[in-house]
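*Asks:* Here this note's numbering = 1-based position in the sequence shown + 9. Heads up, the beta-carbon is just placed ideally off N, CA and C, and yes, glycines get one too.
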Amino acid sequence: PDTKPDIERLIKTQGEIQLTDITPSDGKVNVHGNLSFSLLYFSNDDIRPIHNIKGQIPFSETINMDNITASDDAFCHFELEDCQASLINSRKVSIRAILSLDCCQNEQKNTTIGTDIISEDAARAGMDESVIPDGLNKKFSTISYTQLVLQKNDIFRISDETTLPKGKPAIDTLLYYEITPQNLQTRIVDDGIRIVGDMLLFALYTPEVEERRLEYIETEIPFDGVVNCSGCSENMIPDIEISVSSKEAASKPDEDGENRIVDIELILKLQMKFYEDDEMQILDDAYSTSCNLLLSRENINYEKLLMKNQSSVRVSDHVKISGDENILQICSCSGTIQIDEQEITNEGIQIEGAITLDILYITDNDDRPLGMSKGVIPFSHLIEVKGISPNDSYELQSDINQINILMIDSDEVEVKITLSICALVFTSKMQDAITGITETPLDMKRFNDMPGLAGVIAGPDDTLWDIAKEYNTTPESIMELNGLASNQIHKGDRLLLMKIVDGI
Numbered sequence: 010p011d012t013k014p015d016i017e018r019l020i021k022t023q024g025e026i027q028l029t030d031i032t033p034s035d036g037k038v039n040v041h042g043n044l045s046f047s048l049l050y051f052s053n054d055d056i057r058p059i060h061n062i063k064g065q066i067p068f069s070e071t072i073n074m075d076n077i078t079a080s081d082d083a084f085c086h087f088e089l090e091d092c093q094a095s096l097i098n099s100r101k102v103s104i105r106a107i108l109s110l111d112c113c114q115n116e117q118k119n120t121t122i123g124t125d126i127i128s129e130d131a132a133r134a135g136m137d138e139s140v141i142p143d144g145l146n147k148k149f150s151t152i153s154y155t156q157l158v159l160q161k162n163d164i165f166r167i168s169d170e171t172t173l174p175k176g177k178p179a180i181d182t183l184l185y186y187e188i189t190p191q192n193l194q195t196r197i198v199d200d201g202i203r204i205v206g207d208m209l210l211f212a213l214y215t216p217e218v219e220e221r222r223l224e225y226i227e228t229e230i231p232f233d234g235v236v237n238c239s240g241c242s243e244n245m246i247p248d249i250e251i252s253v254s255s256k257e258a259a260s261k262p263d264e265d266g267e268n269r270i271v272d273i274e275l276i277l278k279l280q281m282k283f284y285e286d287d288e289m290q291i292l293d294d295a296y297s298t299s300c301n302l303l304l305s306r307e308n309i310n311y312e313k314l315l316m317k318n319q320s321s322v323r324v325s326d327h328v329k330i331s332g333d334e335n336i337l338q339i340c341s342c343s344g345t346i347q348i349d350e351q352e353i354t355n356e357g358i359q360i361e362g363a364i365t366l367d368i369l370y371i372t373d374n375d376d377r378p379l380g381m382s383k384g385v386i387p388f389s390h391l392i393e394v395k396g397i398s399p400n401d402s403y404e405l406q407s408d409i410n411q412i413n414i415l416m417i418d419s420d421e422v423e424v425k426i427t428l429s430i431c432a433l434v435f436t437s438k439m440q441d442a443i444t445g446i447t448e449t450p451l452d453m454k455r456f457n458d459m460p461g462l463a464g465v466i467a468g469p470d471d472t473l474w475d476i477a478k479e480y481n482t483t484p485e486s487i488m489e490l491n492g493l494a495s496n497q498i499h500k501g502d503r504l505l506l507m508k509i510v511d512g513i
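1. Output the residue ranges of the beta strand (DSSP E) runs that lie fully inside the segment 330 to 398 and measure 3 residues or longer, sorted by chain position.
2. Start and end of the alpha helix (DSSP H) containing Lys438?
3. Would Arg269 pass as a contact of Leu159 if the rule is Cβ separation under 8 Å?
4. Taking the alpha carbon of Tyr154 as the point to measure from, which residue in Leu193, Ile204, Thr22 and Lys313 has its own alpha carbon closest?
5. Could you give the distance in angstroms between the alpha-carbon of Glu423 and the alpha-carbon of Glu393?
6. Name the residue from Arg306, Tyr186 and Pro190 whose alpha carbon lies nearest to the alpha carbon of Cys340.
7. Could you tell me whether the segment 308 to 326 touches the segment 192 to 205, where touching means 3 or more Cβ pairs closer than 8 Å?
8. Which full runs of the alpha helix (DSSP H) of 4+ residues lie inside the segment 481 to 510, going along the chain?
9. If you compare alpha carbons, which of Ala442, Ala83 and Arg377 is closest to Ser52?
10. Could you round the C-beta distance between Cys85 and Ile31 to whole angstroms and report it? I think they count as a contact, below 8 Å.
11. From the DSSP secondary-structure annotation, give me the bridge partner or partners of Val38.
12. Under a Cβ-count criterion, where at least 16 other Cβ atoms within 10 Å of its own Cβ denotes burial, should His390 be classed as buried or exposed?
13. Could you give the distance in angstroms between the alpha-carbon of Glu90 and the alpha-carbon of Ile26?
14. Rounded to a whole number of angstroms, what is the C-alpha to C-alpha distance between Ile20 and Tyr403?
15. How many angstroms separate the CA atom of Gln351 from the CA atom of Asn318?
16. How would you write the range of the beta strand (DSSP E) that Met208 sits in, first residue to last?
17. Suppose contacts are defined by Cβ-Cβ distances below 8 Å. Is Ala94 in contact with Leu44 by that definition?
18. Buried or exposed for Met281, going by 16 or more other Cβ atoms inside 10 Å?
19. Is there contact here, the segment 379 to 388 with the segment 316 to 336, by at least three beta-carbon pairs under 8 Å?
20. Do Leu213 and Ile204 have their beta-carbon atoms positioned less than 8 Å apart in this structure?
21. Going by beta-carbon coordinates alone, are Ile353 and Ile152 separated by less than 8 Å?
22. Using C-beta distances below 6 Å, list every residue in its chain close to Phe46, excluding the 5 sequence neighbours before and after it, in chain order.
23. Beta-carbon separation of Ser419 and Ile360 under 8 Å?
24. Am I right that Ile309 and Gln440 are in contact with their C-beta atoms under 8 Å? What's the rounded C-beta distance?
25. For Glu479, write down the residues that DSSP places opposite it in a beta bridge.
26. Rounded to whole angstroms, how far is the Cβ of Lys177 from the Cβ of Glu224, which I believe are closer than 8 Å?
27. Assign Asn355 to buried or exposed, taking buried as 16 or more other Cβ atoms, counted over all protein chains shown, within 10 Å of its Cβ.
28. Determine, using beta carbons only, whether Ala83 and Gln114 come nearer to each other than 8 Å.
29. Quick one: what's got a C-beta closer than 7 Å to Lys500's C-beta in the same chain, skipping five residues either side?
30. Using 8 Å as the threshold, is the C-beta distance between Gln406 and Thr427 below it?
31. So what does DSSP say about Met453, is it helix, strand or coil?
32. Using DSSP bridges, identify the partner residues of Ser569.
33. Thinking C-beta only, is Ile59 closer than 8 Å to Leu379?
34. DSSP three-state call for Leu473: helix, strand or coil?
35. For Thr444, count neighbouring C-beta atoms within 10 Å of its own C-beta (all shown protein chains included) and say buried if the count is 16 or more, exposed if not.
36. So Ile273 and Ile188 are supposed to be a Cβ contact under 8 Å. How far apart are they, rounded?
And the structure:
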């Protein structure tokens, strides 16, 4: 802008992504948004050596997605992998950013499976209670599964203010700020999500009394609020992804007319999924002593929540400062997580990644009083998941809970970081389910060839149900005839069987 002095050297570049529109169409998703950037730079054309520039760059991207239509819902996850500014001349800069977009949709497949058999008369009458046809024998099993019951997006707006400490001069120009959510915790309440955490505010400014000086404040502001979410309940399993949608800070006068108050607004974007564990009784097998039943079967795939794991990972390392000037005082340290590799092992999910750091500091050079250095700290972590297999699926969320930085000497710092890594792991299940039944007349020749009374020696894998089905009798008849107290039989058991003629 014309009101800004010429740029001598860039100090720091900050970028943020705001998605403004996600529009699905046939076979693709159109994503629109803005890259908001903020630059700190040195200038020789003004009494004040440090200035800032803010701007916004719109973008649009088309992502191909098979099987999606305009009526479907699409969800987009993004990560700003890199944002850099380079100087073209003293009045012009080039902004380049690498943005990773991951669009997805939830697909639900409905399959009809048998849960019971009732007579045709009962079905026509719409009777709730099952009326069992003559000679029919049924066996049931229970499957446990996890289903997605609710999904929605929302925002959580946090507005607050903080006052400068008494020893700090009033604000002339707010040069740069960071508002970072930390220590986030979520909990389901009645028809809502309670969100608790802290806002870490770092603000760099020039004071009213002396423009060549630099001042900064760093403070934590707690917040506690509820986002309405109709339909959610405490027995659900939440999967809530929280990201920063926008943040603003501005100075304003206090009651004495001095700019000693900083207004803060942080908007968090919430992508919420809610799951429920459920059970269903299904028809496992059936036969009739009065007719033949041909059962149509199909393998049904479904998922069961294996585990929800919340890990706290501590990472620390020494970082060399790469600037030309010596460190006089550390201002702030911010970071981003990059997970490079993730793999399912016998013990759980092994992840490898790195934390990229931006370290802002005061130098011992009055002409260039501010410096910025980057650092990278690798980390490795095993999320322990008992019983996980390579075919299982999972969702990962990673956040930086806290960064502590300590100055070792004029060119080295020690950084301690606490990461929060949440994993939601689903195990894949398969069920051989009955999807249809066809009734045919009984094979009378086979039936007549069967002895009315027979003796059987149980094999190693035999069950009472299998034996009864093969010999046209019932488990109850075998138990009564042999004086069995339960339907459990063992290899070598001698059983007396009587052919049943019900319904013939």
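*Replies:* If we stick to the structure as given:
1. 336 to 353, 357 to 372 and 379 to 393
2. Residue 438 sits at position 429 when you count from the first residue of the sequence shown. Counting along the chain, Lys438 falls outside any alpha helix (DSSP H), though it belongs to the beta strand (DSSP E) covering Glu421 to Pro450.
3. Position 260 of the sequence shown holds residue 269. Position 150 of the sequence shown holds residue 159. Not a contact, by the Cβ cut-off of 8 Å.
4. Residue 154 sits at position 145 when you count from the first residue of the sequence shown. Of the candidates Leu193, Ile204, Thr22 and Lys313, the one whose C-alpha sits nearest the C-alpha of Tyr154 is Lys313.
5. As a first step, residue 423 is located in the sequence shown; it is residue number 414 there, counting from the start. As a first step, residue 393 is located in the sequence shown; it is residue number 384 there, counting from the start. When rounded, the distance between both Cα atoms is 29 Å.
6. Taking the sequence shown and counting its residues from 1, one reaches residue 340 at position 331. The shortest C-alpha separation from Cys340 is found at Tyr186.
7. no
8. 484 to 491
9. Here residue 52 corresponds to residue number 43 of the sequence shown, with the count starting at 1. Comparing Cα positions, the closest option is Arg377.
10. As a working mapping, residue 85 is identified with position 76 in the sequence shown. As a working mapping, residue 31 is identified with position 22 in the sequence shown. About 5 Å; that satisfies the 8 Å criterion.
11. The residue given as residue 38 occupies position 29 in the sequence shown. Answer is Pro33 and Ile72.
12. Walking along the sequence shown from the start, residue 390 turns up at place 381. Per the 10 Å Cβ criterion, buried.
13. The residue given as residue 90 occupies position 81 in the sequence shown. The residue given as residue 26 occupies position 17 in the sequence shown. When rounded, the distance between both Cα atoms is 11 Å.
14. Stepping through the sequence shown from its first residue, residue 20 is reached at position 11. Stepping through the sequence shown from its first residue, residue 403 is reached at position 394. If you take the alpha carbons of Ile20 and Tyr403, they lie about 40 Å apart.
15. Working through the sequence shown from its first residue, we reach residue 351 at position 342. Working through the sequence shown from its first residue, we reach residue 318 at position 309. Using only the alpha carbons, I get a separation of about 15 Å.
16. The residue given as residue 208 occupies position 199 in the sequence shown. Element bounds for Met208: Gly201 to Pro216.
17. Mapped onto the sequence shown, residue 94 falls at position 85. Mapped onto the sequence shown, residue 44 falls at position 35. No. Outside cutoff.
18. As a working mapping, residue 281 is identified with position 272 in the sequence shown. It is buried - the Cβ of Met281 has at least 16 other Cβ atoms within 10 Å.
19. yes
20. On the sequence shown, residue 204 is found 195 positions in, with the first residue counted as 1. On the sequence shown, residue 213 is found 204 positions in, with the first residue counted as 1. No, the pair does not count as a contact, with Cβ atoms beyond the cut-off.
21. The sequence position of residue 353 within the sequence shown is 344, counting from 1. The sequence position of residue 152 within the sequence shown is 143, counting from 1. Contact flag unset, no.
22. The residue labelled residue 46 in the question sits at position 37 within the sequence shown. Around Phe46: Gly24, Gly64 and Ile104.
23. Counted from its first residue, the sequence shown places residue 419 at position 410. Counted from its first residue, the sequence shown places residue 360 at position 351. Not a contact, by the Cβ cut-off of 8 Å.
24. Within the sequence shown, the letter at position 300 stands for residue 309. Within the sequence shown, the letter at position 431 stands for residue 440. So it is a contact: roughly 5 Å between Cβ atoms.
25. On the sequence shown, residue 479 is found 470 positions in, with the first residue counted as 1. In DSSP, Glu479 forms no bridge with anything.
26. As a working note, residue 177 is residue 168 in the sequence shown. As a working note, residue 224 is residue 215 in the sequence shown. Going by Cβ atoms, the distance from Lys177 to Glu224 rounds to 6 Å, so yes, they are a contact pair.
27. Indexing the sequence shown from 1 puts residue 355 at position 346. Exposed, since its Cβ has fewer than 16 Cβ neighbours within 10 Å.
28. Looking up residue 83 in the sequence shown gives position 74. Looking up residue 114 in the sequence shown gives position 105. The answer is yes: Cβ separation under 8 Å.
29. In the sequence shown, residue 500 corresponds to position 491, counting from 1. So the qualifying residues of the chain are Ala467, Gly468 and Pro469.
30. One-based indexing of the sequence shown puts residue 406 at position 397. One-based indexing of the sequence shown puts residue 427 at position 418. No.
31. As a working mapping, residue 453 is identified with position 444 in the sequence shown. Looking at Met453 - three-state DSSP - the assignment turns out to be helix.
32. There is simply no residue 569 to check, as the chain begins at 10 and stops at 513 in what is shown.
33. Locating residue 379 in the sequence shown gives position 370, counting from the first residue. Locating residue 59 in the sequence shown gives position 50, counting from the first residue. Contact: yes.
34. Here residue 473 refers to the residue found at position 464 when the sequence shown is read from its first residue. It is helical.
35. Indexing the sequence shown from 1 puts residue 444 at position 435. Exposed, because fewer than 16 other Cβ atoms sit within 10 Å of the Cβ of Thr444.
36. As a first step, residue 273 is located in the sequence shown; it is residue number 264 there, counting from the start. As a first step, residue 188 is located in the sequence shown; it is residue number 179 there, counting from the start. Indeed they touch by this definition, with Cβ atoms about 6 Å apart.
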